[in-house]
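Chains as they are written, first to last, in numbering that gives the first Met the number 0: chain A, 0 to 199; chain B, 0 to 327; chain C, 0 to 647.
Report on the following structure.
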Amino acid sequence: MTSHANNMPLEYKTQQSQMNILGFWVFLGAEIVLFSTLFASYFVLEHNTAGGPTGQDIFILKDVLIETFLLLTSSFTCGLAIHSMRSHHKTGLMVWTIVTLLLGAGFLYMEINEFIHYVHEGASIQTSGFTAAFFTLLGTHGAHVTFGIFWISLLLIQLARRGITEKTASKFFIASLYWHFLDVVWIFIFTFVYLKGMVM
Amino acid sequence: MKGFKKLFGWLVMLTIPFLLAGCESNLIVFDPKGPVARSLTDLIIFSIIFMLVIVIVVFALFGYIVWKYRARSDDGNFEPEEEKGNHLLEIIWFTIPVIIVIALMIPTTKTIYEVEDVPQGYEEEEPLVIHVTSADWKWIFSYPDQDIETVNYLNIPADHPVQFKMTSAGTMQSFWVPELGGQKYTMANMQTNLFLVADRPGSYYGRNTSFNGKGYAHMDFEVQALSQDDFNDWVQEVHDTANTLTEEKYSEILEPTVIGRMTFNNTHLEWIDHAHGGSEKYLNPELYRISHGHEDHEGHDEKSEEETDSNEDQTKTEPSQSEDHAHH
Amino acid sequence: MSLDEFFVTGDPLILASQIAIGLTMIGLIALITYLKRWKWLWNEWFTTVDHKKIGIMYIISGVLMFFRGGVDGLLMKAQTSRPELEFLDAQHYDEIFTTHGVIMILFMAMPLLIGLMNVVIPLQIGARDVAFPKLNALSFWLFFAGAMLFNVSFVIGGSPDAGWTSYFPLAGKEFTPGVGNNYYAIALQIAGIGTLATGINFVVTIIKMRAPGMTWMRLPIFVWSTFITSIIIVAAFPIFTVALAYMTLDRLFGTHFFTVANGGDPMLWLNLFWLWGHPEVYIVVLPAFGMFSEVIATFARKNLYGYKSMVYAVAGIAFLSMLVWVHHFYTMGNSAAVNSIFSLTTMMIAIPTGVKIFNWLFTLRKGRIEFSTAMLWSLAFIPCFTIGGVTGVMLAMAAADYQYHNTMFLVAHFHYVLIPGVVFAVFAGLYYWWPKMFGFKLNEKIGKWHFWLFVIGFNMTFMPMFFVGLDGMSRRMYTYSASTGWAGWLGFSAIGSIILAAGFAALCYNIYWSFRYASRDVGNDPWNGRTLEWATASPAPHYNFAKVPEVDRLDAYWYMKKEGNTGLKKSDLKPVHMPSNSWTPIFLAVVFGVVGFFLVFEWFTLAILASIGIVVGLVANSFDYDDGYHISVEELADEEREWRGDLQ
Chain A
0 MTSHANNMPL EYKTQQSQMN ILGFWVFLGA EIVLFSTLFA SYFVLEHNTA
50 GGPTGQDIFI LKDVLIETFL LLTSSFTCGL AIHSMRSHHK TGLMVWTIVT
100 LLLGAGFLYM EINEFIHYVH EGASIQTSGF TAAFFTLLGT HGAHVTFGIF
150 WISLLLIQLA RRGITEKTAS KFFIASLYWH FLDVVWIFIF TFVYLKGMVM
Chain B
0 MKGFKKLFGW LVMLTIPFLL AGCESNLIVF DPKGPVARSL TDLIIFSIIF
50 MLVIVIVVFA LFGYIVWKYR ARSDDGNFEP EEEKGNHLLE IIWFTIPVII
100 VIALMIPTTK TIYEVEDVPQ GYEEEEPLVI HVTSADWKWI FSYPDQDIET
150 VNYLNIPADH PVQFKMTSAG TMQSFWVPEL GGQKYTMANM QTNLFLVADR
200 PGSYYGRNTS FNGKGYAHMD FEVQALSQDD FNDWVQEVHD TANTLTEEKY
250 SEILEPTVIG RMTFNNTHLE WIDHAHGGSE KYLNPELYRI SHGHEDHEGH
300 DEKSEEETDS NEDQTKTEPS QSEDHAHH
Chain C
0 MSLDEFFVTG DPLILASQIA IGLTMIGLIA LITYLKRWKW LWNEWFTTVD
50 HKKIGIMYII SGVLMFFRGG VDGLLMKAQT SRPELEFLDA QHYDEIFTTH
100 GVIMILFMAM PLLIGLMNVV IPLQIGARDV AFPKLNALSF WLFFAGAMLF
150 NVSFVIGGSP DAGWTSYFPL AGKEFTPGVG NNYYAIALQI AGIGTLATGI
200 NFVVTIIKMR APGMTWMRLP IFVWSTFITS IIIVAAFPIF TVALAYMTLD
250 RLFGTHFFTV ANGGDPMLWL NLFWLWGHPE VYIVVLPAFG MFSEVIATFA
300 RKNLYGYKSM VYAVAGIAFL SMLVWVHHFY TMGNSAAVNS IFSLTTMMIA
350 IPTGVKIFNW LFTLRKGRIE FSTAMLWSLA FIPCFTIGGV TGVMLAMAAA
400 DYQYHNTMFL VAHFHYVLIP GVVFAVFAGL YYWWPKMFGF KLNEKIGKWH
450 FWLFVIGFNM TFMPMFFVGL DGMSRRMYTY SASTGWAGWL GFSAIGSIIL
500 AAGFAALCYN IYWSFRYASR DVGNDPWNGR TLEWATASPA PHYNFAKVPE
550 VDRLDAYWYM KKEGNTGLKK SDLKPVHMPS NSWTPIFLAV VFGVVGFFLV
600 FEWFTLAILA SIGIVVGLVA NSFDYDDGYH ISVEELADEE REWRGDLQ
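What follows is the structure, given as structure tokens:
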């Protein structure tokens with residue numbers, strides 16, 4: 000079953016790895032539907048502020064820009080990590096992954112601060128239809144980032160123990176797909192929640 | 000093969016008489032008493048004819064094939080030939096449903112548009128406007144121009160268009176008077192519109208069809224179509240005899256109860272129109288606490304204790320039949 | 000919360016159930032302990048990753064849930080058999096129709112279909128298992144945890160009571176403050192995650208694990224319908240996940256997604272629910288179509304007529320299923336244009352469905368039809384489903400729907416679609432594939448009883464509902480007055496439901512009888528089948544195929560038999576790689592169930608503490624590098640000799 004896989008990257012070497020990666024793509028398809036639903040609901044509820052604050056009232060462009068910068072950079076470093084993995088460079092993979100996770104943690108720190116700020120402004124998740132949809136959309140993304148940080152940390156331990164093998168390589172590759180996906184979602188959040196909310 | 004005979008026999012025996020019975024008897028949907036309902040009934044009968052043809056063709060083909068090609072003991076080692084399929088046949092049974100769909104779609108669309116407006120022949124008349132507010136588990140009808148409010152019954156002039164502006168004080172309901180027309184939802188913070196006309200004076204059955212809790216089965220009302228004179232007399236009578244609705248009384252009416260008929264000589268629209276928000280003021284979740292066969296006091300919640308006590312008779316009121324629901 | 004609120008008390012029916020459940024549990028535990036079967040249960044079933052065993056566990060759960068949902072149905076029929084009967088009160092009736100709907104769709108139809116998919120699909124494509132065996136076990140156990148959590152509601156805390164559609168604002172805390180609807184939100188969420196994983200699993204399995212030579216147009220039709228179903232699962236279930244998450248947030252954390260107050264939008268729930276709910280109907284119906292196709296082709300002794308157009312029809316139905324959700328609420332006050340468009344898309348579903356009906360009829364034509372029990376179910380399906388189909392077209396016409404919506408006419412319609420479409424298919428599938436699962440056939444004679452009682456009872460129960468619906472009876476009414484004139488119809492319907500129940504009892508008896516007495520000598524191919532699952536032993540060995548068969552056309556096994564090409568050479572055998580059992584799926588599911596239970600009662604501290612178990616399970620899973628084991632050529636040869644005789 001691995002006959003034609005000789006010139007494939009390490010993470011595609013076994014049939015099981017190929018299936019894992021395909022399965023993960025299908026899972027990302029489900030994630031796209033999930034986030035689409037969250038976005039659609041947000042658009043429906045966006046203007047139902049029930050006398051509470053609107054997006055325009057509370058969004059702070061500067062913080063959001065920093066978050067965007069952190070997450071986009073982390074996606075880039077994640078790409079560098081996979082590049083190192085492909086050239087069997089274990090330390091490179093380790094270091095770039097750690098940088099990625101630190102940037103992700105920075106993003107999370109900023110986002111949590113942002114949320115605390117909103118709550119102080121009188122916009123908690125219970126305030127209105129708008130805040131419910133807003134916090135749930137952002138929160139789901141943030142929860143994904145959090146989950147990613149823990150998951151990839153576990154992979155780092157496995158990497159340190161086992162080195163770059165067919166199995167660890169495919170795990171890291173899948174984690175990188177996940178991380179890039181979160182980046183793409185963030186671009187949509189940035190555009191359709193923050194920019195749209197501040198302009199309109 | 001004995002099995003097949005029985006199967007087919009049973010299906011024919013079961014379905015055909017039912018279908019015939021359905022068309023002959025005066026089932027409410029086939030017994031329209033106004034132009035809106037009539038156009039729906041016409042559409043339904045039109046579709047039933049098509050459906051009967053489809054059912055008969057499929058059943059006949061099915062019966063014939065299953066009978067003719069049943070395995071027999073004298074078949075020996077006969078083995079059916081493999082068949083690939085036949086493009087022409089497949090195109091035919093693709094095209095026929097397409098034609099049927101088109102044939103059904105045209106009158107459907109026409110009727111959908113038709114029933115959204117004042118019924119034909121009544122365009123010149125100014126419709127009587129009635130605000131419908133549904134609550135758990137009663138119907139409140141407000142006549143803003145007449146300054147009248149009724150609960151659980153509705154008087155309208157016959158042979159005159161009525162425009163219903165519908166909303167809900169809480170849960171979603173569906174307003175349906177099958178003899179006069181199709182149903183539509185009533186929803187809090189929103190307004191839906193419905194036009195109905197009754198051909199002639201009479202009493203019609205109306206109810207909520209959208210499940211909304213314990214008292215749902217009892218959430219029906221009577222529509223009385225009166226001659227224009229009788230209607231005017233009734234309006235005058237209400238003004239002479241009925242009480243005035245206060246906001247306090249209104250909040251009490253909105254509590255989740257099954258109640259009888261009421262009449263007032265003003266409307267709640269003076270202080271709230273649920274179509275435009277504000278319903279939360281009247282919500283009281285504690286009144287919806289359920290008990291499974293025993294009395295159960297939610298005394299732990301300090302805030303609601305007082306309210307629960309003062310409304311005790313309502314919480315204990317099991318929905319009961321309050322009116323006669325005859326519609327035949 | 001005091002103890003008498005925790006346990007549902009006061010109702011003698013429920014009290015009896017509580018005692019019965021308690022005694023059954025104690026009895027079961029005692030029995031297993033007495034027979035010293037705990038270890039066996041754990042090793043052979045609880046930790047298994049074998050798709051056939053998982054399928055069987057799904058089927059057992061599905062049959063149990065069928066019983067539970069059926070009892071709910073019978074209670075409803077009893078309550079409405081006479082006007083103004085005081086058998087159940089309004090609250091009890093409301094809970095029962097809610098649980099009946101949820102259980103029948105999500106905990107009966109789904110597991111029975113997914114169970115059969117699990118057993119059959121890998122065998123039909125010549126695979127050793129699914130792509131992710133451990134995930135498959137997790138899917139089952141999550142489904143099971145969700146089902147158990149949902150079922151416990153009627154003795155602990157109170158059942159959901161807002162209908163299986165759980166429409167807001169009714170299902171919100173504003174109008175149902177008890178814990179009942181928390182159960183709905185959380186139990187369905189847990190089961191739903193399992194279903195989503197199943198969808199992903201089968202998409203990958205069918206893309207990646209087909210036997211050599213099995214190109215897309217050589218796939219058995221049941222595999223095609225499962226593949227397309229799995230895609231709909233992946234596309235539709237995340238919508239439900241989000242809707243249920245919103246519901247949970249609204250009910251547990253006081254947000255305003257669907258509330259009346261503070262800018263919530265209850266109509267968003269209706270849209271999200273049916274954006275999932277309508278495809279869900281096809282998720283259960285499409286695999287059923289696939290099963291009928293297999294059974295009809297086998298017992299007509301002919302290949303399936305118009306195979307390609309059948310595939311396109313399934314794909315077409317799947318596509319359209321995503322574009323019709325608004326027809327569940329034509330009466331919401333949509334514009335005439337919106338209602339017209341959705342009428343059209345809905346009616347268009349009739350076109351590919353009609354194509355399928357005619358293809359089935361033409362498969363039968365010029366065949367040699369054998370009336371086995373499996374075939375009887377498939378035959379009865381055609382006329383019964385046609386009635387469901389044409390009434391569906393009637394409901395699709397928005398203007399006409401204003402008179403049918405929310406009435407018993409609708410209830411009759413969807414029972415005429417789902418019972419012939421899904422339940423008949425499951426029965427056909429069970430009779431057909433039973434020997435492949437267990438190595439013996441279900442008794443054909445008892446099967447005939449099962450069939451006739453069920454089909455007659457079904458028609459008697461649901462046919463009258465069309466007429467009371469047209470007579471203005473809306474659904475979900477726990478009582479009605481005698482003056483309505485409905486009593487005759489509903490009384491007849493209630494009698495029908497007893498016959499229906501007798502049919503189900505006949506199935507249970509059949510399972511018992513066949514388990515005890517049926518001949519174990521059925522061979523690998525008892526029905527003269529056409530597809531690969533019949534190429535291996537009955538029951539299928541744990542490795543499925545000693546040598547993966549090669550496929551050169553549709554209905555490969557049919558031609559292998561004709562060409563005498565079914566033997567096995569020992570020299571062709573290679574060691575087979577098998578996945579190891581795993582404790583993580585059942586462990587995770589139990590923890591999910593416990594966390595879910597705490598969340599239902601809003602005991603957040605306990606829920607957080609229990610969640611540590613989820614982390615433990617996930618970490619353990621991530622660090623699990625178990626590579627499985629190999630079955631040696633000698634072992635394979637021994638097992639194969641047992642049913643083949645000597646190898647070539």
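Every residue, glycine too, gets a C-beta built ideally from N, C-alpha and C.
If you look at P79(B), you'll find it isn't in any alpha helix (DSSP H); DSSP assigns it neither H nor E. The residues H412, V416, in chain order, have a CB closer than 7 angstroms to that of G391(C) in the same chain once the five nearest residues on each side in sequence are set aside. DSSP places D219(B) inside the beta strand (DSSP E), whose first and last residues are 219-225.
For I188(A) and F226(C), the gap between their C-alpha atoms comes out near 33 angstroms. Between the stretch 219-236 of chain C and the stretch 262-271 of chain C, the count of C-beta pairs closer than 8 angstroms stays below three; the two stretches do not touch.
Counting along the chain, K183(B) sits inside the beta strand (DSSP E) bounded by residues 183-185. Interface with chain A (8 angstroms Cβ-Cβ cutoff): L322(C) is excluded.
When the alpha-carbon of A317(C) is set against those of G276(C), E293(C), S138(C), M396(C), the nearest one is in G276(C). Beta-bridge analysis with DSSP links M261(B) to V150(B). In this model, I163(A) and Y57(C) are separated by some 39 angstroms (Cα to Cα). For D10(C), the CB contacts under 8 angstroms within the same chain, skipping 5 residues up- and downstream, are H91 in chain order.
DSSP links Q162(B) through a beta bridge to V128(B), F194(B). For K137(B), there is no enclosing alpha helix (DSSP H); the residue is part of the beta strand (DSSP E) that begins and ends at 137-142. Y204, R206, N207, T208, S209, F210, N211, G212, K213, G214, Y215, A216, H217: these are the residues of the stretch 203-218 of chain B whose beta carbon lies less than 9 angstroms from some beta carbon of chain C, given in chain order. For F263(B), the closest alpha carbon among the candidates E236(B), V97(B), D272(B) is that of E236(B).
Within chain A, the residues A29, E30, V32, L33, T36 have their CB atoms less than 8 angstroms from the CB of P237(C), given in chain order. Between F291(C) and A427(C) the beta-carbon gap is near 6 angstroms, inside 8 angstroms, which marks them as a contact. In chain order, L26, I27, V28 make up the part of chain B whose C-beta sits under 8 angstroms from the C-beta of D470(C). The Cβ of S127(A) sits closer than 8 angstroms to at least one Cβ of chain C.
Of the other Cβ atoms in all chains shown, fewer than 16 fall within 10 Å of the Cβ of C507(C); this residue is therefore exposed. Secondary structure at P156(B): strand, using DSSP grouped into helix, strand and coil. Boundaries around M577(C) are those of the beta strand (DSSP E), 575-577, since no alpha helix (DSSP H) includes it.
Between P177(B) and V65(B), the gap from beta carbon to beta carbon reaches 8 angstroms or more. Residue state for N302(C) is assigned as coil, using DSSP reduced to three classes. Check the Cα spacing between L282(B) and each of L169(C), N358(C), I102(C): the tightest is with L169(C).
In this structure D264(C) is buried. Its beta-carbon is surrounded by 16 or more other beta-carbon atoms within 10 angstroms. Under the DSSP assignment, N135(C) falls outside any beta strand (DSSP E), being part of the alpha helix (DSSP H) whose first and last residues are 132-151. Three or more beta-carbon pairs drawn from the stretch 102-117 of chain A and the stretch 53-68 of chain A are found closer than 8 angstroms, and the two stretches are therefore classed as touching. Beta-bridge annotation (DSSP): Y628(C) is paired with M577(C).
Taking A36(B) as reference, the option from I613(C), L469(C), E549(C) with the minimal CA-CA separation is L469(C).
Residue pairing by DSSP puts A134(B) in a beta bridge opposite K137(B). Between A539(C) and K440(C), the CB-CB gap reaches or exceeds 8 angstroms.
Classified as buried, S339(C) has 16 or more neighbouring CB atoms from the shown chains inside 10 Å of its CB. W136(B) sits away from G353(C), with the two beta carbons spaced by 8 angstroms or more. When the beta-carbon positions are compared, G490(C) and I185(C) stay at least 8 angstroms from each other. Boundaries of the beta strand (DSSP E) harbouring N207(B): 201-207, taken from the DSSP string.
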